[in-house]
Amino acid sequence: MLLVELNKANLQLSIDEFLAFTKIQKYELLENFLLVDNNLKLDGLALTKKAYQVVDRGRLKKIGSKEFFVRDFWTNTERFEDRRSHLRPQPHPTSLHPRLARAVVNLAGVKGLIADPFCGAAGLLLEAGLAGHEVYGIDSDVIQTRRAKINLAHYNIKDFEIVHGNALDLNKQVAAIVTDVPYGRNTNVKDLKALIKDFLVVAAKNTKVLVLMLPSDIKLDFDDWKVQGTYEWYLHKSLTKKIVRLEKK
Ligand SMILES: C[S@@+](CC[C@H](N)C(=O)[O-])C[C@H]1O[C@@H](n2cnc3c(N)ncnc32)[C@H](O)[C@@H]1O
């Protein structure tokens, strides 16, 4: 058995990332630990910190009222901090933190082509590419598409296509769309809610799985989509992001 230690700050997102990534269905939750009965491949997870193997003799680990003998099995050695936007050749303030970007890519739980039709400087696509996905991005700002290409090439991502255009013109069948819509001062979008509503219709024609990130104060009906999980990620005092995992009805 494994005892898997998750990031406490975003516990539900950590759990769902783990379940989508490993595809396991049987588990027990003990505080911020999952007890699972497989030897799993964990490399690539963002919000899982460590895993211990439960053994007959070993170090004593207490979780609440339960006690386990454990030995170290796996430690997360991904260098997310080293890939933060300001450390990339083409930084941009709206680019997602790599740990969050990887977590939402994993939350999609798919293999194959991932699209981000509001790709910006490719913070999200970079993590998808490093996780082994083929990636496709669109941005309406040609400077952003240039930034995206330079960033992806810098990290040696080979299977990418970046297009200058409108997300609403997306016309490509993909395993999942994972995207972070424009927001705040960094955008000239007049009516974000209307843009997202139109985008939900376009997305449903191109994929079955959509992980959407949006400002938390925007309330929407998801019409053609079934909501499978909603999470919040605090960025700073004027911005908390809502993350919604959707599957086509
Ligand atoms: C929040 S940023 C994306 C950041 C990106 N996920 C990252 O981590 O680097 C949103 C992007 O959407 C682009 N955008 C705004 N309206 C658009 C539209 N209608 N179609 C495509 N891109 C659009 C903006 O130029 C901006 O680069």
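So this note's numbering is basically just the index in the sequence shown, starting at one, shifted up by 33.
All C-beta atoms, glycine included, are put in the ideal place defined by N, C-alpha and C.
Simplified DSSP state of residue i, which is helix, strand or coil
i	result
P248	strand
F193	strand
Q295	Not covered by the structure: residue 295. The range shown for the chain is 34 to 282.
L80	coil
A154	coil
D257	coil
V27	Beyond the ends of the chain as shown, which are 34 and 282, falls residue 27; an answer cannot be given.
H119	helix
W170	Checking the sequence, you will find Gly at residue 170 rather than Trp. In the structure shown, G170 sits in a strand (DSSP, three-state: E or B).
G162	helix
L129	coil
A208	coil
V37	strand
L201	helix
Nearest residue (CA-CA) to residue i, options the options
i	options	result
L133	L157, P248, P122	L157
A208	A161, I251, N199	A161
T273	V37, D213, E280	D213
E50	Y60, A141, L62	A141
L78	I195, N139, P150	N139
Y169	L73, P248, V196	V196
Sequence-distant residues of the same chain with beta carbon closer than 8 Å to residue i, five excluded per side
i	result
R180	Q123, H125, G153, A154, A155
First through last residue of the alpha helix (DSSP H) which encompasses residue i
i	result
Q45	44-55
F66	F66 -> not in any alpha helix (DSSP H); beta strand (DSSP E) instead, spanning 66-69.
L225	225-237
Contacting residues, own chain, Cβ-Cβ under 7 Å from residue i (five flanking each side not counted)
i	result
A42	none
Q261	R278, L279, E280
Span of the beta strand (DSSP E) around residue i
i	result
R179	It is not in any beta strand (DSSP E) - R179 instead sits in the alpha helix (DSSP H) that spans 175-187.
L75	From DSSP, L75 is part of no beta strand (DSSP E); its letter is neither H nor E.
E111	Per DSSP, E111 belongs to no beta strand (DSSP E) and is neither H nor E.
L62	61-63
K275	272-281
6 Å CB neighbourhood of residue i in its chain, flanking five on each side removed
i	result
E38	F66, K82, K83
S173	N199
R121	N184
Review point. If you pair each beta-carbon of the region 214-233 with each one of the region 181-188, do three or more pairs fall below 8 Å?
Key: no
Point to revise | Any 3 or more C-beta pairs closer than 8 Å across the region 264-271 and the region 228-245 | key: no
Check your understanding: Would you say the region 49-57 touches the region 102-110, given that touching needs at least three Cβ pairs under 8 Å?
Key -> With contact defined as three or more Cβ pairs closer than 8 Å, the region 49-57 and the region 102-110 are not in contact.
Review point. Taking contact to mean at least 3 C-beta pairs separated by less than 8 Å, is the region 129-144 in contact with the region 90-98?
Key: no
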